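Below: the structure, in structure tokens.
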Amino acid sequence: MFLQTKDTNGLIKIVDFEELIDPNKDTVHGKDQEGQEEQETDIFRKDELVFPSGESLPRCWLDANYR
1 MFLQTKDTNG LIKIVDFEEL IDPNKDTVHG KDQEGQEEQE TDIFRKDELV FPSGESLPRC
61 WLDANYR
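Using the working numbering, you'd call the opening residue of the sequence shown number 1 and step up by one each time.
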């Protein structure tokens with residue numbers, strides 16, 4: 001799955017989808033898709049990511065107290 005950073009609009013390939021949907025985790029491991037070669041895995045804050053369409057991530061992925 002690919003997400004986009006809010007500030008640079010760069011694409012990020014999410015490494016672990018389960019980590020992304022876990023509301024108890026504030027960060028997710030991903031690989032920046034800049035350049036032609038696969039980049040090293042890095043850590044990204046979930047609140048700084050959006051879907052490539054510009055839509056925000058679901059609140060249930062971000063807030064453990066969401067009901």
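For every residue, glycine included, the Cβ atom is placed at its ideal position computed from N, Cα and C.
No experiment lies behind these values; they were computed from the predicted model shown.
If distances are taken between C-alpha atoms only, which option among GLU37, GLU48, TRP61, ASP32 comes closest to ILE21? The option with the nearest alpha carbon to ILE21 is TRP61.
Beta-carbon proximity of THR5 to GLU55, cut-off 7 Å
no
Thinking C-alpha only, which one of ILE43, SER53, TYR66, ARG67 is nearest THR27?
ILE43
Checklist entry - If you draw a straight line from the alpha carbon of LEU3 to that of ASN24, how long is it in whole angstroms? => result Answer to the nearest angstrom: the Cα atoms are 19 Å apart.
Go ahead and label GLY30 buried or exposed: buried means 16 or more other beta carbons lie within 10 angstroms of its beta carbon, across all protein chains shown. buried
**Prompt:** Comparing alpha-carbon positions, which option in GLU40, GLN33, GLU18 lies nearest THR8?
**Reply:** GLN33
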